[in-house]
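Please read the structure below before turning to the comments.
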Amino acid sequence: MNLHLREKVIIVSGGAKGIGEAIARTLAVEEAIPVIVGRSAADNQVVIEKIEALGGMAYGVEAELTDPAECEKAIRLTVERFGRIDGLVNNAGVNDGVGLEKGSYEAFMASLHKNVVHYYLLAQHALPYLIKTKGPIVNVSSKVAETGQGNTSAYAAANGARNALTREWAVELLKYGIRVNALIVAESWTPLYEKWIKTLPNPEETLNEINSRIPFENRMTSPEEIANMVTFL
Numbered sequence: 516m517n518l519h520l521r522e523k524v525i526i527v528s529g530g531a532k533g534i535g536e537a538i539a540r541t542l543a544v545e546e547a548i549p550v551i552v553g554r555s556a557a558d559n560q561v562v563i564e565k566i567e568a569l570g571g572m573a574y575g576v577e578a579e580l581t582d583p584a585e586c587e588k589a590i591r592l593t594v595e596r597f598g599r600i601d602g603l604v605n606n607a608g609v610n611d612g613v614g615l616e617k618g619s620y621e622a623f624m625a626s627l628h629k630n631v632v633h634y635y636l637l638a639q640h641a642l643p644y645l646i647k648t649k650g651p652i653v654n655v656s657s658k659v660a661e662t663g664q665g666n667t668s669a670y671a672a673a674n675g676a677r678n679a680l681t682r683e684w685a686v687e688l689l690k691y692g693i694r695v696n697a698l699i700v701a702e703s704w705t706p707l708y709e710k711w712i713k714t715l716p717n718p719e720e721t722l723n724e725i726n727s728r729i730p731f732e733n734r735m736t737s738p739e740e741i742a743n744m745v746t747f748l
């Protein structure tokens, strides 16, 4: 693809692992400059080095996104380094299994901070710069918001909020020419998914059963396929 992203500064939250890493690497292939925001500077650096080895450029910001002040810091450091923001990919999050029967107020609220509050805060802090560049926003979300899963009330609620925020922001930011889209992920084989499968009594059997129920090619979507769509958006 040639999406005219050369030297565009695009923030990718959770850009050091799984789908986020694939997004960062795909953006770099398109000659954009992904800003990898994650809690581990070491993990961020690993991805930066992979991108640089392929002739690309990337930048890392260590930030614990469950802390509102760290969300502001991520945007501030990006602007201090580049003077602009050309796009935002909200991606960081985790299906943390906070259900209705086995959950608590504290765990539920903590999960919302892990999975959706930073979507709002990163977008809010980045907005003045996105207005200047008409930079798009992509929110990575999950089918759990639409289908349910069981035993993951907080994650389902967070993804429902991600989808609602996407629609709301698309309306609010239309006057600035800013596009806002969500990409709804179903089954995708990532390190987090693999970790979850291994916690089950019969992981290989369960994985085969899941794949057999996926209509398209009886397989999960790869992080790279998701990254291609995010980069296009």
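Going by the numbering used here, the first residue of the sequence shown is number 516, and it counts up by one from there.
Even glycine gets a Cβ: it sits at the ideal position worked out from N, Cα and C.
Please state whether DSSP places residue i in a helix, a strand or coil.
i    : result
S737 : coil
A685 : helix
L580 : coil
L636 : helix
P643 : helix
S619 : coil
A672 : helix
P549 : strand
I563 : helix
V609 : coil
L680 : helix
S727 : helix
G535 : helix
L715 : coil
S626 : helix
N654 : strand
A697 : strand
Since I believe residue j is in contact with residue i (beta carbons under 8 Å), could you give me their beta-carbon distance rounded to a whole number of angstroms?
i    : j    : result
I693 : K658 : Not a contact, Cβ separation roughly 25 Å.
I525 : A547 : 5 Å
H633 : A607 : 7 Å
G523 : G602 : The displayed chain sequence assigns Lys, not Gly, to residue 523. Indeed, because the Cβ distance is near 6 Å, the residues count as touching under 8 Å.
A573 : V561 : A573 to V561, Cβ: 11 Å. No contact.
P651 : S703 : That pair is no contact at about 22 Å.
L636 : P718 : With a Cβ gap of about 36 Å, L636 and P718 do not count as contacting.
I600 : Y644 : 4 Å
G618 : A669 : 7 Å
How about residue i and residue j: do their beta carbons lie closer than 8 Å?
i    : j    : result
V527 : V576 : no
P549 : A556 : no
A672 : L627 : yes
N610 : T667 : yes
R677 : A697 : yes
T736 : L542 : no
H640 : I590 : yes
G571 : V544 : yes
P706 : K532 : yes
I741 : I551 : no
With a threshold of 16 other CB atoms inside 10 Å of the CB of residue i, please say whether the residue is buried or exposed.
i    : result
N733 : exposed
E536 : buried
V655 : buried
K629 : buried
N674 : buried
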